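>
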Amino acid sequence: MNAEVILEGLNEQQTEAVRHVDGPMLVVAGAGSGKTRVITRRVAHLISQGIEPQSIVAITFTNKAADEMLARVNTLLERYNGQDVRRPVIATFHAFSAQLLRMYGRSIGIDPNYSIFDTVDRQKLIKMACGDVNALPFGLTAAKIAEFIERAKRQQILPDQIEQLDGLPQYQRPAVARIYTRYQQLLLENNGLDFDDLLGKALELLESDEAGESIRRRYHYLLIDEYQDTNRVQYLLAKSLARNSSNICATGDPDQSIYGWRGADLRNILEFQEDFPNAKVVFLEKNYRSTGHILQAADSLIRHNVERKEKSLVPVHEQGEPIEVHECDDEVQEAAKILEIVGEYRREGIPLGEIAVFSRVNSLLRTVEQALISADIPYELARGVGFFQRKEIKDLVAYLRVLANPDDQLSLERIINVPARGIGLQAQTLLKAYADQKQISLLQAVSQADQIAELGKSQNSVIQFGSLMAQLAAINNESTLTTIVRQTIDLTGLRSCYQKAAEKQNRADELSPVANLDEFVSTAQVYESHISPEEQSLPHFLSQVSLVSEIDSVKGQADRLTLLTIHAAKGLEFSVVIVIAAEEDIMPHALAMPSGLEEERRLFFVALTRAKRRLHICYANRRSTRGSYRRSMPSRFLKEIDPKSVRGLTLSTFTRPARNFQFVINARRPTPAEPQPALQMPRCPYRTGQRIYHEKFGYGLIEEIHLSGNHYTGSIRFHGAAGLKKIVLDIAPLHAVKED
DNA sequence: TTTGCCGTCCTTTTT
DNA sequence: GGACGGCAAA
């Protein structure tokens, strides 16, 4: 056995981390310091030391990272001993938890065929719960309630402890607690788990005597990447898993913590040494990714964070070119600028796959997308409405979910009349009542349709549907995955129904629903050919489908430009990076402020450090959002970057004599409940060109006014005022101006 | 039962 | 400016 291959090309600190075998270790790895390399090498190293691959668990942040790591470890091991070895477990927290629950869940009362309920399913269930407990807290939508429940679960708050949940108004707590309770019941009845349940139940499992111990006996070496983005439950999960062995290796970078809103707790990484007192700590500070200027820019930016452990980025590459900032009039010009920049690099021979465009928000990427389409530049976008969110795919998956988990009533309700087969709302209500009364599942009620005379005209349809499901269940028992999927598409009539719809609209492009269904078949095929026989069950496949994210589908093709949100860009690198919309209210985002300033800064830091050689940042002076234009100001972060490493930023960018202020006039449209007058906006008491006086900012000129929803917005130009503020103009008394 | 139209609401980031 | 829910008509 020759360990040289595994340690080849590593620096001193990296080698130290890779060679560490037993006991806790924390690797604090700056951006671009070869962290992934260290983890993969360490896995290979452990195996080379005779440790059983199956006893190693490596937790990654995305499925994509997991796949890549597995591929890299395999390559290393092939080079190392030339033969196939059994694989370590490399997965996300969610996927790993899902697998544990499938293997051991029975011991805590979880049926291994459970469905995983995603955000959309969850909302539907919340709505049902609201109806069931007869509560709809004022001003809260199902989505908001779902968010509160999600947060409660992440903090391990049960319904009767709801008072511990902050952010929820006192008077709404009882109602939310009741909805929460009912929601959990509904999940149980559906034999379903939501994303947070996967983690929570896995923790419960690990804390149960019998299963917990056998899991700990099975996994001896735990590696966790992106440790700075773990939440409380994940942290407890890690601690519990490593309880006996203490073989936990956490890697991460506090400066790249960008998931606070999802419950990530920076303390987990900052207090690692207190949790594991004898932990070895390794710092990786040499940056192998970016040029000096890019690092200088990123470093000077992140130094503005107060809550931070001081750390440096030491460049090994040359200075390179300064980063470039581009001022644009509006988003159209910004898009043109992107095309110009991309065109230049292409002429230099840089492949499109080495170039990426980042945005703080998804919506702005769609504007860029339009420009790329018209310029005929191939691109890849982690889209908001991903493949698995498409209607036809969700329909198909719902069928499969019912097959795998007959208790999944939610999915059954989705497809009972899709394609339309004459089982309307009335028939469905009858069936549900029948099921309730007989204490059976909805699917069982369907199979007994011949005994429900009240169904009347629909009875025959329901009977036919019942035999269809029985037929599919039989196929499910005796066929391979791909066959099941294919047969489901054909026998249920999904194919023909979408085919007809397509013919009607006369659109047979590659994005057609039918093509998507076929695409799903090949997904199943790929899955089947890559996965070990014992994992080829339908539930297993479906949980994988539920846990994939948009970023997982980004393939990084050599001939395509990549469009990403900054969050999705984490962990990736590109030769050329173009960051768009570096503007106040977008980056930092208005909704994250003011408490989220440091996380927003870290986000911008992550964006900058993805670039290897060239970095471009664009901002626009005005930008159209939901139909109308709004003034925008360059991001404060641009000011924080060391000017020596920037080109295109002039002093005047931030010190213009006149400032534009956005304003809002509170002018509520009367609600229908009010007797008078008709639904009409009051006339705006201000007009463009009007001069107004503000106590603090002096005289200003109204430049634009437009109606937006229930109020008027626009911008005012004040002379000599500093910084961007939003102010509120009260409609009455006329001309009274208040600061917001 | 299905379809289409209209009003409302929201607009961050994702496993 | 877009998605979704409710409601009315076919």
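First residue of the first sequence? That's 26 in our numbering, and the numbers climb one at a time after it.
No residue lacks a Cβ here, since even glycine has one placed at the ideal position from N, Cα and C.
This one's a predicted model, so the numbers in the text were calculated from it and none came from an experiment.
Between Ile402, Arg672, Tyr244, Gln484, which lies nearest to Pro347 when the distance is taken from Cα to Cα?
Within the first sequence, the letter at position 322 stands for residue 347. That would be Arg672, whose Cα lies nearest to the Cα of Pro347.
> Alpha carbon to alpha carbon, what distance is there between Leu248 and Ala42?
Here residue 42 corresponds to residue number 17 of the first sequence, with the count starting at 1. Here residue 248 corresponds to residue number 223 of the first sequence, with the count starting at 1. Looking at the two C-alpha atoms, the distance is approximately 12 Å.
> Check the DSSP bridge columns for Asp515 and list the partner residues they point to.
On the first sequence, position 490 is the one that residue 515 refers to. Paired residues: none, contrary to the question.
> Would you kindly report the start and end of the unbroken alpha helix (DSSP H) that includes Glu394?
Counting from one through the first sequence, the residue named residue 394 turns up at place 369. Element bounds for Glu394: 387 to 399.
> Looking only at C-alpha atoms, which of Arg446, Asp420, Gly449, Pro444 sits nearest to Leu435?
Here residue 435 refers to the residue found at position 410 of the first sequence. Looking at the Cα atoms, Asp420 is the closest of the given residues.
> Verify whether the separation of the beta carbon atoms of Ile509 and Leu563 is less than 8 Å.
Translated into positions along the first sequence, residue 509 becomes position 484. Translated into positions along the first sequence, residue 563 becomes position 538. Yes; because the gap between Cβ atoms is below 8 Å, this pair is in contact.
> Tell me the DSSP secondary structure of Ile151 in three-state form.
Mapped onto the first sequence, residue 151 falls at position 126. Of the three classes helix, strand and coil, the one that applies to Ile151 here is helix, per DSSP.
> Below 8 Å, can you find three or more Cβ-Cβ pairs linking the segment 224 to 239 to the segment 132 to 140?
Yes, since at least three Cβ pairs between the segment 224 to 239 and the segment 132 to 140 fall closer than 8 Å, the two stretches touch.
> Using a Cβ-Cβ cutoff of less than 6 Å, which residues in the same chain neighbour Glu729 once the five nearest sequence positions on both sides are dropped?
As a working mapping, residue 729 is identified with position 704 in the first sequence. So the list reads Gly739, Ser740, once near-sequence residues are dropped.
> Spatial neighbours of Leu262 within its chain, please: CB distance less than 8 Å, with the 5 preceding and 5 following residues excluded, ordered by chain position.
The residue you call residue 262 lines up with position 237 of the first sequence. Result list for Leu262: Phe118, Ser122, Leu224, Ala227, Leu228, Leu231, in chain order.
> In chain order, what residues of the same chain lie with their CB nearer than 6 Å to the CB of Leu51, ignoring the 5 residues before and after it?
Taking the first sequence and counting its residues from 1, one reaches residue 51 at position 26. Only Ala275, Phe297, Ala304, Val306 meet the Cβ criterion.
> Could you spell out where the beta strand (DSSP E) holding Leu247 opens and where it closes?
Residue 247 sits at position 222 when you count from the first residue of the first sequence. Segment 246 to 249, the beta strand (DSSP E) holding Leu247.
> With Ala474 and Val487 assumed to form a contact (beta carbons below 8 Å), what rounded beta-carbon distance in angstroms separates them?
Counting from 1 along the first sequence, the entry for residue 474 is found at position 449. Counting from 1 along the first sequence, the entry for residue 487 is found at position 462. At roughly 4 Å, the Cβ-Cβ gap stays under 8 Å, so Ala474 and Val487 are in contact.
> Apply the 10 Å Cβ neighbour rule to Gln186 and answer buried if 16 or more other Cβ atoms are within range, or exposed otherwise.
Here residue 186 corresponds to residue number 161 of the first sequence, with the count starting at 1. When all chains shown are included, Gln186 counts as exposed.
> I'd like to check one pair, Gln253 with Leu291: are the Cβ atoms closer than 8 Å?
By 1-based counting over the first sequence, the position of residue 291 is 266. By 1-based counting over the first sequence, the position of residue 253 is 228. A contact, by the Cβ cut-off of 8 Å.
> Between the C-alpha atoms of Tyr196 and Leu190, what's the straight-line distance to the nearest angstrom?
Counting from 1 along the first sequence, the entry for residue 196 is found at position 171. Counting from 1 along the first sequence, the entry for residue 190 is found at position 165. In a straight line, the C-alpha of Tyr196 is about 13 Å away from that of Leu190.
> In the DSSP output, what is Asp219 paired with across the bridge?
Start at 1 with the first residue of the first sequence, and residue 219 comes out as number 194. According to DSSP, Asp219 bridges with Phe142.
> Do you know whose CA, among Arg112, Glu188, Lys89, Pro444, lies nearest Asn99's CA?
Taking the first sequence and counting its residues from 1, one reaches residue 99 at position 74. Ranking the options by Cα distance to Asn99, first place goes to Arg112.
> Pull up the distance between the alpha-carbon of Val386 and that of Thr590, whole angstroms please.
Within the first sequence, residue 386 is the residue found at index 361, counting from 1. Within the first sequence, residue 590 is the residue found at index 565, counting from 1. Val386 and Thr590: Cα-Cα distance of roughly 6 Å.
> Is any heavy atom of the ligand MN found at a distance shorter than 7 Å from the C-beta of Glu310?
For the structure depicted, the ligand MN is absent and the ligand set is empty, with no information on it obtainable.
> Suppose you measure from the CA of Ile294 to the CA of Ile170; what does that come to, to the nearest Å?
Along the first sequence, one-based indexing puts residue 294 at 269. Along the first sequence, one-based indexing puts residue 170 at 145. About 30 Å.
> Comparing C-alpha positions only, which one of Thr255, Gln476, Val443, Leu542 sits nearest to Leu456?
Position 431 of the first sequence holds residue 456. Comparing Cα positions, the closest option is Gln476.
> For the pair the segment 264 to 281 and the segment 201 to 208, tell me if three or more CB-CB distances fall below 8 Å.
The segment 264 to 281, when compared against the segment 201 to 208, does not touch it at the 8 Å Cβ threshold.
> Tell me whether the beta-carbon of Tyr244 lies closer than 8 Å to the beta-carbon of Ser73.
The residue labelled residue 244 in the question sits at position 219 within the first sequence. The residue labelled residue 73 in the question sits at position 48 within the first sequence. Going by C-beta atoms, Tyr244 is not nearer than 8 Å to Ser73.
> Name the DSSP beta bridge partners of Ser384, please?
Counting from one through the first sequence, the residue named residue 384 turns up at place 359. Paired residue(s): Thr590.
> With a floor of 4 residues, list each alpha helix (DSSP H) that falls wholly inside the segment 412 to 478, ordered by position along the chain.
DSSP runs (the alpha helix (DSSP H)) wholly in the segment 412 to 478: 416 to 429, 434 to 440, 450 to 463, 467 to 472.
> For Val306, report the span of its beta strand (DSSP E) as first-last.
Counted from its first residue, the first sequence places residue 306 at position 281. Element bounds for Val306: 305 to 309.
> What separation, rounded to the nearest whole angstrom, lies between the Cα atoms of Leu586 and Pro78?
Position 561 of the first sequence, counted from the start, is the residue given in the question as residue 586. Position 53 of the first sequence, counted from the start, is the residue given in the question as residue 78. Their backbone Cα atoms lie some 37 Å apart in a straight line.
> Who does Arg672 pair with in a DSSP beta bridge?
Reading the first sequence from its first residue, position 647 is the one you call residue 672. According to DSSP, which records beta bridges pairwise, Arg672 is partnered with Glu349.
> State the start and end residues of the unbroken beta strand (DSSP E) segment that holds Thr316.
Within the first sequence, residue 316 is the residue found at index 291, counting from 1. Taken as a continuous stretch (DSSP letters only), Thr316 belongs to no beta strand (DSSP E), as it is neither H nor E.
> Within 10 Å of its beta-carbon, does Ser554 have 16 or more other beta-carbons around it, so buried, or fewer, so exposed?
By one-based count along the first sequence, residue 554 stands at place 529. So Ser554 counts as exposed.
> With H, G and I counted as helix, E and B as strand and the rest as coil, what does DSSP make of Tyr644?
For this step, residue 644 is matched to residue 619 along the first sequence. In the structure shown, Tyr644 sits in a strand (DSSP, three-state: E or B).
> Check the C-beta distance from Glu625 over to Met658 and give it rounded, since I have them as a contact under 8 Å.
Here the question's residue 625 lines up with position 600 in the first sequence. Here the question's residue 658 lines up with position 633 in the first sequence. Wrong, their Cβ atoms sit about 15 Å apart, outside the cutoff.
> Any contact between the segment 394 to 401 and the segment 358 to 378? By contact I mean 3 or more CB pairs, one from each, below 8 Å.
At 8 Å Cβ cutoff, the stretches touch.
> Please name the residue, chosen from Leu95, Ile319, Glu359, Tyr139, that lies closest to Phe566 on a Cα-to-Cα basis.
Mapped onto the first sequence, residue 566 falls at position 541. That would be Tyr139, whose Cα lies nearest to the Cα of Phe566.
> Below 8 Å, how does it come out for the segment 318 to 328 and the segment 27 to 40: are there three or more Cβ pairs, yes or no?
Not touching, per the Cβ criterion.
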